[in-house]
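In this note's numbering, the protein residues as written are 34 to 241.
Have a look at the structure below, then the notes.
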Amino acid sequence: MSGLLRIRWAIAPAIAPRPLINCNRCGGIRSYRCSEKFRVNANGKRIDAWLIYRCTGCDNSWNFTILERCNRRDIEPKLLAALESNDPALARRHAFDATALRSRIGRIEEFPDVAVRKELLGGGPDCATALWVELRLDAATSLRLDRLLAGELGISRSRLQAWDDRRLLVVEPDGARALRRPARDGMAIRIDLGGEADREAVVSAACG
Ligand SMILES: [Zn+2]
Numbered sequence: 034m035s036g037l038l039r040i041r042w043a044i045a046p047a048i049a050p051r052p053l054i055n056c057n058r059c060g061g062i063r064s065y066r067c068s069e070k071f072r073v074n075a076n077g078k079r080i081d082a083w084l085i086y087r088c089t090g091c092d093n094s095w096n097f098t099i100l101e102r103c104n105r106r107d108i109e110p111k112l113l114a115a116l117e118s119n120d121p122a123l124a125r126r127h128a129f130d131a132t133a134l135r136s137r138i139g140r141i142e143e144f145p146d147v148a149v150r151k152e153l154l155g156g157g158p159d160c161a162t163a164l165w166v167e168l169r170l171d172a173a174t175s176l177r178l179d180r181l182l183a184g185e186l187g188i189s190r191s192r193l194q195a196w197d198d199r200r201l202l203v204v205e206p207d208g209a210r211a212l213r214r215p216a217r218d219g220m221a222i223r224i225d226l227g228g229e230a231d232r233e234a235v236v237s238a239a240c241g
């Protein structure tokens with residue numbers, strides 16, 4: 034379809050969630066920051082692995098269990114090598130897994146900050162009447178989709194909501210209420226800008 038501008042936003046969450054832990058050294062609840070380092074312990078055939086967190090007040094450590102008494106034979110050699118070499122991508126994947134962290138420790142602090150890199154996939158910005166934005170996330174974020182779109186497109190969240198109500202904005206694959214949920218890898222947002230007077234400004238913001 035002519036007039037459709039396709040863009041990919043590569044989104045990198047900036048700060049990993051921090052567990053809130055009763056620090057026995059500080060003597061109170063403190064947030065613990067991910068060190069991005071693993072500790073691997075091999076006891077015979079049994080392997081334990083943890084991601085290490087450090088108290089933001091006193092540097093005390095806390096271990097987030099990644100593998101618990103796993104048989105060496107059941108672990109992919111590539112995974113073990115990644116753990117032993119503190120592979121940054123693996124550390125990032127675990128560090129941003131807020132669900133796993135919350136289920137382990139109860140209370141966590143989350144940060145919605147992200148860095149967005151925009152790449153044009155197809156179509157001409159000059160004659161665009163509709164946008165197709167694909168989201169790629171390298172880790173999970175708590176940032177809501179409407180906050181992401183409003184910030185990156187330079188428009189208000191109420192305007193996004195109005196577009197959503199009039200079906201000028203469609204989110205795939207989540208559909209209804211996706212705007213109020215966290216942005217996720219693989220989402221695509223289609224926005225019909227045909228009737229918008231400030232179309233050029235929105236398109237220009239979308240392209241970066
Ligand atoms: Zn402490």
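Ideal Cβ positions, reconstructed from N, Cα and C, are used throughout, including at glycine.
For residue i, which option in the options has the closest C-alpha, if you only look at C-alpha atoms?
| i | options | result |
| --- | --- | --- |
| D225 | V203, I54 and C56 | V203 |
| I44 | A230, A234, G219 and D231 | G219 |
| D231 | F129, A211, L186 and D197 | L186 |
| D217 | D179, G227, W196 and L193 | At residue 217 the sequence reads Arg, which differs from the Asp that was named. Closest option to R217, Cα to Cα, is D179. |
| F144 | F97, N96, S64 and D120 | S64 |
| C67 | T89, A172, K78 and L176 | T89 |
| R87 | N96, A183 and R79 | N96 |
| I108 | R79, L53 and S136 | R79 |
| N104 | N74, D171 and S136 | N74 |
| I48 | S191, R169, A114 and S175 | S175 |
| C91 | L201, I85, C59 and L84 | C59 |
| I141 | T132, A172 and S118 | T132 |
| I99 | A128, S191 and N55 | A128 |
| R102 | R200, G77 and D130 | G77 |
| L201 | L181, S191, R214 and R223 | R223 |
| R192 | E167, E229, D171 and P206 | E229 |
| I85 | V149, E117 and R41 | E117 |
| R137 | L53, A173 and W42 | L53 |
Excluding the 5 residues flanking residue i on each side, which residues of the same chain have their C-beta closer than 8 angstroms to its C-beta?
| i | result |
| --- | --- |
| N57 | N93 |
| L38 | L153, G155, G156, G157, P158, A161, A163, L164, W165, V236, A239 and C240 |
| A211 | L178, V204 and M220 |
Just mark residue i as buried or exposed, buried being the case when its beta carbon has 16 or more other beta carbons within 10 Å.
| i | result |
| --- | --- |
| G208 | exposed |
| L154 | exposed |
| P46 | buried |
| I62 | exposed |
| A195 | exposed |
| R51 | buried |
| V147 | buried |
| A122 | exposed |
| A234 | exposed |
| D197 | buried |
| A114 | exposed |
Can you find the residues in the same chain that come closer than 6 angstroms, C-beta to C-beta, to residue i, ignoring five residues on each side of it along the sequence?
| i | result |
| --- | --- |
| A124 | E69 |
| G227 | T162 |
| N119 | K70 and F71 |
Return the chain-ordered list of same chain residues with a C-beta closer than 7 angstroms to the C-beta of residue i, the five sequence neighbours on each side being excluded.
| i | result |
| --- | --- |
| M34 | Confidence in M34 is poor, its pLDDT being 46 and thus under 50, which makes the residue's placement unreliable; the coordinate value appears in the next sentence. Nothing listed; no residue qualifies. |
| S189 | A183 |
| G36 | C160, A161, T162 and A163 |
Spell out the partners DSSP gives residue i in its beta bridges.
| i | result |
| --- | --- |
| A230 | None; A230 has no bridge partner. |
| A163 | L37 and D225 |
| W83 | R72 and T98 |
Beta carbon nearer than 7 angstroms to a non-hydrogen atom of ligand 2: No copy of ligand 2 occurs in the structure displayed; its ligands are ligand 1 alone.
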